[in-house]
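Data block below; observations after.
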């Protein structure tokens, strides 16, 4: 097993490098980089410029209209740059590190990322690591509780469906979870707000934030209650889409194992149905389900929370990444991509290790994987 783990760790390096190269190449051909974003803000074509860009503009921007041929409009190659001093355009390029060739910028970026130096946000003026750490509690809260709720409901439901395969209970529950899977989580979130958060009917839950504004003044029992009070609706909205896949996976895994010869042998020995199900079938049937927990958590944590965070005003990693993409904030975009890709690859390895913990008969080294 040790040799397999070492091979997988070494494989992470080229895989992660390939992910970064592809995304870096795509960004180079996408119009509207950080310089264009800053110019659009300064010329009134975007939202109000940040203090950092405005301060730099005051040092270089001309007081009046540019004179023939001196502006960066046509010569700089940046759309909307008319009226801005070429020296200011060059200062922006240098500030954002875009004055170097793309290959050199990529190598410098990867050199810094090896030491987990993700740089400073272009438009927030803060280190990327600090921003990620600041937003992480929100996304981790959503991911952990959504994953746990999904597993705690889907596994017992899948087992019950396998035991009652073909019965009205199986048919009706299948219909319910398929409908739940078909409804996007953000639409379900809006429905929850309308019904339970003062939208039209009941006003049982808060509409925004992870905790109340005066949370720090509460006692610890009150803090815990307030935290779960705020997170109930977002977690339910994120969980609804995961029930169908995990429930059907659990059901099919149990059905496959129930028809195996060892189950027939166990029953012929006079074992009770409960003993057969949980003493023999459960361990084999839950192999895929349990081993998939790490990757399921990463998937929920980093891919399912964007719209939920926006709807419930939760300032987490999803919203941070969305804003970074809109503003072309490359340090946040590539820094989070590198970190979360690395985390995802490590979680896949942990998932494989979990296979061997659940069922020691699995040997990846012998398979030559």
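In the working numbering, the protein residues as written are 327 to 695.
From the three backbone atoms N, C-alpha and C, an ideal C-beta is built for every residue, glycine too.
Does the pairing of the stretch 561-569 with the stretch 661-675 give three or more beta-carbon distances under 8 Å?
-> The answer is no - the stretch 661-675 does not touch the stretch 561-569, with fewer than three Cβ pairs under 8 Å.
Do we get a CB-CB distance below 8 Å when we pair residue 439 with the residues of chain D?
-> The chain labelled as chain D is not found in the depicted structure, where only one protein chain is given.
Touch test, the stretch 532-540 against the stretch 496-513, Cβ-Cβ under 8 Å, three pairs minimum | no
Per DSSP, which residues does residue 482 bridge with? Please list them.
-> In DSSP, residue 482 forms no bridge with anything.
For residue 355 and residue 284, the rounded distance between their alpha carbons | Coverage of the chain is limited to positions 327 through 695, which leaves residue 284 absent and any answer about it impossible.
Three-state secondary structure (DSSP) of residue 532 = Assigned with DSSP and collapsed to three states, residue 532 falls in coil, not helix or strand.
Look up residue 340 in the DSSP assignment and say whether it is helix, strand or coil.
-> Looking at residue 340 - three-state DSSP - the assignment turns out to be helix.
By how many angstroms is the C-alpha of residue 634 removed from the C-alpha of residue 503?
-> 20 Å
Distance between residue 661 and residue 353 (C-alpha atoms, nearest Å) | 14 Å
Alpha helix (DSSP H) segments (min. 4 residues) lying fully within the stretch 432-510 = Listed in chain order, the alpha helix (DSSP H) runs fully inside the stretch 432-510 are 454-489 and 494-508, counting runs of at least 4 residues.
Boundaries of the alpha helix (DSSP H) in which residue 564 is found, first to last residue | 546-565
To the nearest angstrom, how far is it from the Cα of residue 333 to the Cα of residue 348?
-> 23 Å
Can you tell me whether residue 389 is buried or exposed, with buried defined as 16 or more other CB within 10 angstroms of its CB?
-> Summary for residue 389: the model assigns pLDDT 35, below 50, so the residue's position carries little reliability; its value from the coordinates is reported in the next sentence. Residue 389 is exposed by the Cβ-count criterion.
Nearest candidate by alpha-carbon position, reference residue 442, set 668, 679 and 678 = Comparing alpha-carbon positions, the option among 668, 679 and 678 lying closest to residue 442 turns out to be 668.
At a cut of 8 Å, does the stretch 572-586 reach the stretch 484-491 through at least three beta carbon pairs?
-> yes
Please classify residue 609: is it buried, with 16 or more other beta-carbons within 10 angstroms of its beta-carbon, or exposed?
-> exposed
State buried or exposed for residue 471, treating a residue as buried only when at least 16 other CB atoms are found within 10 Å of its CB.
-> Classification of residue 471: buried, given that the 10 Å Cβ count is 16 or more.
Can you tell me which of 605, 501 and 445 puts its alpha carbon nearest to the alpha carbon of residue 580?
-> 605
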